[in-house]
Amino acid sequence: MTLQIHFDRITDCFQKALEDGRNALYEHETYALLKNSGAETPPMTRLIPKGDVPSQADLDAIPGEKIVLKIVSPTIFHKTDVGGVKVLEKDLNKTRSACRRMLDDVPAKYADWIGKNPQFAPEAHQGLMDEDLARAASADIVGVLLCQFMPPDSQAFGNELLVSIRRTQEFGMVITAGLGGTDTEIYAQRFRKGQAVVSASTEMAGGESFFNLFRQTIAYKKLAGVSRGQERIVSDGQLIECFSSFILMGNYYSPNNPDAPFVIEELEVNPFAFTDYLMTPLDGICRFSLPENNLPVPRPVGKIHNLLHPKNIAIIGVSSTGENFGRIILRNIIACGFNKDDIVIVKPNCDAIDGVKCVPTLEAMEQKADLFIMAVGAEQVPDLIKRIIEFDCAQSVMLIPGGLGEKQGSEQRAQEVGEKINAAHMQGDGGPVFLGGNCMGLVSYPGTCDTFFIPREKLEKPKSQPLRNAALISQSGAFIITRLSKQPLLEPAYMVSIGNQNDLTAGDMVRYMKDLEHVRVIAVYMEGFNELDGLALCRAIRDAVQQGKDVLFYKAGRTPEGKIATSGHTASVAGDYMVCESCVHQAGAMVADNFSQFENLFKLAVLLCDKKVHGNRLAAVSGAGFEAVGMADSIQGDDYAMKMAQFEDSTIQSLEKLIKDNGLDALVDVKNPMDINPAANDRLHAETARILAEDDNVDGVVVGLDPLSPAMQTLPAGLRDGESLASPQGVATLLSEAAKSLEKPVLGVIDGGGLFDPMAQKLEENGVPVFRSADAAVAALAKYMNYRLRVDKLKS
């Protein structure tokens, strides 16, 4: 598909508005932009300046028997809400009368509407009320726009389309499309995730790939005539052409384009209506700005290797008399196995602490540190950074202190720190990289390095060797250690607290981790992004996935920030969190909805990374009837779905024989989900799971292990006569052996209390993921398997 986009003419539109003292186009100017975008059919228009009256020639220039009048103002965007839109017969006297009435009525209605919706007040009108606001609105009015009336092919719900591009701080230019019209915000709130609107980064999506995303929405089903009683009113090719045009404009007028003459802040058409297979914009806004040319300074990310695999470490801020953060960090480094001779403490008037040599000043350091740990007060940080850079005494620096931007009043200090760091990055080899501030530290088992300031006694150590095939990158150090405390067996190879991201960002860390062969899973917890680092993270995620890694993501902070002070609808229907979730999902990450889901998905990613996922067909089995039913009830969610598998004849025959051999044929039927009765023993549970997993029609198995059943060996030895969890005939042993021999995922459910924690631990030590409720197990497996299938498509 070749689009004829006249960027020179579009640039002229912006230039003329700029010369007029505006950073926004009027509606008719937005139509002119769309006309030059190569994909749209804008209506005919005629501007009647305030003070003039429409003539018969003006009316004759507009085709049709009806006409649309619209107020034109740089500060009134929600025209319908303030009486700024009217449809009437194309009669000269009626048109003149309607224009006069609109010019008189709109300012007062606008003042009343803004009084009730102050979040929509433009900057020029903030603080104004009542008559003062009405006078300001009246002064801003440029005139009335006469527009061609374009009757839509259908008045049915869902037959209007919103399409927009807008600049975001984190992800750059983002395209959004979905249900349009004046009720678009309500649609976005009421429909399930991804059903009303979808968004994507323009740099990571093309017209066709975004169209494939849009096909999943109700908007597409309505426009394409898929829903009952409706006819198609637009072709797929038209939609792809439209999306391609918006994406190309977004990338051309982007802050990431160093040659961009202007930057589009927001371009929104709401709605597109459809007449005789024509896409007609019925309203449009466009805001723009001049490029700032202040892209983030490149960081020498290769030095992350020094940070995570240091050969020598320096630390400042260690107490010789008490247990402060610096002292705890020192002891953790030593306890991790790092050689004391390769550590130096910067501390005057002290020879050694805990057997580690001290030097009085930075200048006295005998060699450049791979890792320099700064565990001092925030007020000392700017000067220390300056000296570390001047003396070139570190490849990487860890900033433990807070008060570097996250706390109100510390912004100036954070800016000072950032300026010093960026200046170093622009010289020579780029200077050191900095982790933090407000950083809890990092743990790198491959680097034999533990710099957390948490006492080791507070963190439970796994009773068996963890897989350590994952990396966990988190803005919150507490998030890392609470996950680790609850699931020590899943301890990652790398745990990095990135804190405030005064220098190194989440995007930098994922970009580094993606190239480490021993890292199979990358998990990320975020609260906020540096400018354009959301886009950098998405690029790194896409690369990681294409290299065969699983990426798990959770974003905290879901309040509707984007709903205030916006001119268009897009930020209301596609707020900051929705855009983040959508962009990261499309990059190839598995996005968790809450902490529990994050933990569950992390468990599956770590333990099942070597298993094969060919489809989404589930086999569910339990000796408890409620579990079997609950599993079937949990196969669908907002963003995942599984099917209950239809067993092969050979599977049914094998299961019938197994059940008969165990004397349960009078009580148990072979079906899915399968209730094998509380009398089923350990071997029956394990063998049933094995037979189901070997069925070509089954892609995953969830088996309820009925820990309270008297027929099952689920307790440690000594608690009940004749029962031992370690028995070779116990389900923990039998299911572990079966799961190891199978290429498909097999999950266990232990719905019971703390008595059965040892059973869960034994199974997970042998690679069988265990959940304490059947619904959580099925929901997690469904989302995980859907993810694996989706990234397989991305790889291909």
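Count the sequence shown with the UniProt record's numbering and you get residues 1 to 796, in order. For glycine and all other residues, C-beta sits at the position ideal for the given N, C-alpha and C. Nothing here was measured: the structure is a model prediction, and the numbers come from that model.
(message) Let me confirm a value: Glu203 is counted as buried when at least 16 other C-beta atoms fall within 10 Å, else exposed. Which label applies?
(response) Buried, by the Cβ-count rule.
(message) Within a Cβ cutoff of 7 Å, which residues of the same chain sit near Leu601, ignoring the five residues on either side of it in sequence?
(response) In its chain, beyond the 5 residues on either side, Leu552, Met590, Ala592, Ala780, Lys783 and Tyr784 have a beta carbon closer than 7 Å to the beta carbon of Leu601.
(message) At the level of alpha carbons, what is the spacing between Cys242 and Leu504?
(response) Cα-Cα distance, rounded: 38 Å.
(message) Can you find the residues in the same chain that come closer than 8 Å, C-beta to C-beta, to Glu656, ignoring five residues on each side of it along the sequence?
(response) Taking Glu656 as the centre and dropping the five residues before and after it, the same chain places the C-beta of Asp665 and Val670 closer than 8 Å to its C-beta, in chain order.
(message) Which residue marks the beginning of the beta strand (DSSP E) containing Ser199, and which one marks its end?
(response) Per DSSP, Ser199 belongs to the beta strand (DSSP E) from Val197 to Ser201.
(request) Thinking Glu208 and Ile240 are a contact (beta carbons under 8 Å), I'd like their distance in whole angstroms, please. (result) Between Glu208 and Ile240 a beta carbon distance of about 6 Å is seen, short of the 8 Å cut, so the two are scored as contacting.
(message) Can you confirm whether the segment 250-261 touches the segment 213-228 when touching is taken to mean that 3 or more C-beta pairs between the two stretches lie within less than 8 Å?
(response) No: the two stretches stay apart, fewer than three of their Cβ pairs being nearer than 8 Å.
(message) Using only CA atoms, which one of Ala124, Glu123 and Leu267 lies nearest to Ile175?
(response) With distances taken between Cα atoms, Ile175 lies closest to Leu267.
(request) Mark Gln238 as exposed unless 16 or more other C-beta atoms lie within 10 angstroms of its C-beta, in which case mark it buried. (result) Buried: at least 16 other Cβ atoms inside 10 Å.
(request) Determine the burial state of Arg101: buried for a count of at least 16 other Cβ atoms within 10 Å of its Cβ, exposed for fewer. (result) The residue in question, Arg101, is exposed, as its Cβ has fewer than 16 Cβ neighbours within 10 Å.
(request) Give every residue of the same chain whose Cβ lies closer than 8 Å to the Cβ of Leu684, excluding the five residues on either side of it in the sequence, and list them in chain order. (result) Only Leu658, Ile659, Asn662, Leu664 and Ile676 meet the Cβ criterion.
(request) Confirm, please, whether the CB-CB distance from Gln646 to Arg690 is below 9 Å. (result) No Cβ-Cβ contact shorter than 9 Å links Arg690 with Gln646.
(request) Go ahead and pull the three-state DSSP assignment for Phe391. (result) Per DSSP, reduced to three states, the secondary structure at Phe391 is helical.
(request) Taking only heavy atoms of the ligand GTP into account, decide whether any of them is closer than 8 Å to the Cβ of Leu472. (result) The ligand GTP is absent from the structure shown, which contains no ligand whatsoever.
(message) Less than 9 Å between the C-beta atoms of Met173 and Ser254, yes or no?
(response) In this structure, Ser254 lies closer than 9 Å to Met173 by Cβ.
(request) Go through its chain and collect everything with a Cβ distance to Ile76's Cβ below 8 Å, but skip five positions before and after it. (result) Contacts found: Val82, Gly84, Val106, Tyr110, Ala137, Asp140 and Ile141.
(message) Does Ser709 come out as helix, strand or coil in the three-state DSSP assignment?
(response) Coil at Ser709, not helix or strand.
(request) Give me the Cβ distance between Val198 and Ala177, rounded to the nearest whole Å; I'm assuming they're in contact under 8 Å. (result) Indeed, because the Cβ distance is near 6 Å, the residues count as touching under 8 Å.
(message) Which residues does DSSP list as the beta-bridge partners of Gly172?
(response) According to DSSP, Gly172 bridges with Thr168.
(message) Helix, strand or coil, according to DSSP, for residue 802 in the structure here?
(response) The structure shown does not extend to residue 802, since the chain is modelled only from 1 through 796, so no value can be given for it.
(message) Can you tell me where the alpha helix (DSSP H) holding Thr11 begins and where it ends?
(response) If you look at Thr11, you'll find it in the alpha helix (DSSP H) that goes Phe7 to Glu19.
(request) List the residues that DSSP assigns as beta-bridge partners of residue 808. (result) Past the boundaries of the shown model lies residue 808; the chain is included only from 1 to 796, so the question cannot be answered.
(message) Between the alpha carbons of Arg46 and Val269, how many angstroms are there, rounded?
(response) Roughly 19 Å between the two C-alpha positions.
(request) Determine the DSSP secondary structure at Val356, reduced to helix, strand or coil. (result) Three-state result, Val356: strand.
(message) Can you tell me whether His6 is buried or exposed? The criterion is at least 16 other CB atoms within 10 Å of its CB, across all chains shown.
(response) Exposed is the label assigned to His6, since fewer than 16 other Cβ atoms lie within 10 Å of its Cβ.
(request) Quick one: measure Cβ to Cβ for Pro310 and Cys449, integer angstroms, because I've assumed they're closer than 8 Å. (result) A Cβ-Cβ separation of about 6 Å places Pro310 in contact with Cys449 under the 8 Å criterion.
(request) In the DSSP assignment, find the unbroken beta strand (DSSP E) run with Asn270 in it and report its ends. (result) Start and end: Val263 to Thr275.
(request) Over the uninterrupted beta strand (DSSP E) stretch that includes Phe372, give me the two end residues. (result) Residues Ala369 to Met374.
(request) Specify whether the segment 393-405 and the segment 423-432 touch according to this definition: at least 3 beta carbon pairs, one from each stretch, less than 8 Å apart. (result) Output reads yes: the segment 423-432 touches the segment 393-405.
(request) Take the Cβ of Met426 as the centre, count every other Cβ of all protein chains shown within 10 Å, and call the residue buried at 16 or more, exposed below. (result) Label assigned to Met426: exposed.
(message) Which residue wins for smallest C-alpha separation from Val87, given the options Gly302, Ala134, Asp58 and Leu146?
(response) Among Gly302, Ala134, Asp58 and Leu146, the Cα nearest to that of Val87 belongs to Leu146.
(request) Output yes or no for whether 9 Å exceeds the beta carbon distance between Ile400 and Phe325. (result) Taking 9 Å as the cut-off, the beta carbon of Ile400 is found closer than this to the beta carbon of Phe325.
(request) Out of Lys70, Ser709, Ser596 and Arg790, state which residue places its alpha-carbon closest to the alpha-carbon of Ile750. (result) Ranking Lys70, Ser709, Ser596 and Arg790 by Cα distance to Ile750 puts Ser709 first.
(request) Figure out for me which residue from Leu604, Ser773 and Cys609 has the closest Cα to the Cα of Gly630. (result) The option with the nearest alpha carbon to Gly630 is Ser773.
(message) Let me make sure I understand the geometry here. Which of Val668, Asn672 and Val613 has the alpha-carbon closest to that of Ala632?
(response) Nearest C-alpha to Ala632: Asn672.
(request) Pull up the distance between the alpha-carbon of Ile498 and that of Asn349, whole angstroms please. (result) When rounded, the distance between both Cα atoms is 32 Å.
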